[in-house]
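Numbering (the numbering used here), first residue to last: 3 to 144. From the three backbone atoms N, C-alpha and C, an ideal C-beta is built for every residue, glycine too. This structure is a prediction, so every number in the text was calculated from the model and none was measured.
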Ligand SMILES: [Zn+2]
């Protein structure tokens, strides 16, 4: 077990400097202590890795920033988009929960179903009346 100069068991840390990117080393567990450097856990990196890793890290961080920005924008516009795509009227903050949107859609669906049934009934009634009229019309010919 590696012990630091203050006598505490050392902890493994990871360096993210340009010279030693991703390389693990033993460190003092006390944050901000003046313990001297205790040594590397990982063997030295090849020059190619040292050359490439910092650039990759910068790119990851840049993408992370873009993702965070997009997530923020998305959360802002999500409500609008959901309401727009489902053709739900937008009442500002009133429809801020998905439950409200779903309730609205359910009501809309039930209304449509009711209208459809009423239309069907009317059509049936019309057909019945027409049949009756036709029958009466033909009988009167005799
Ligand atoms: Zn220490």
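Secondary structure at residue 68: helix, using DSSP grouped into helix, strand and coil. Counting along the chain, residue 21 sits inside no beta strand (DSSP E), nor does DSSP assign it H or E at all. Comparing alpha carbon positions, the residue from 40, 136 and 65 closest to residue 4 is 40.
Between residue 26 and residue 14, the C-beta spacing is below 7 Å. Distance from the CA atom of residue 21 to the CA atom of residue 60, rounded to whole angstroms, is 14 Å. Going by beta carbons, residue 24 and residue 55 fall inside the 7 Å limit. In the three-state reduction of the DSSP assignment, residue 49 falls in the helix class, which pools H, G and I.
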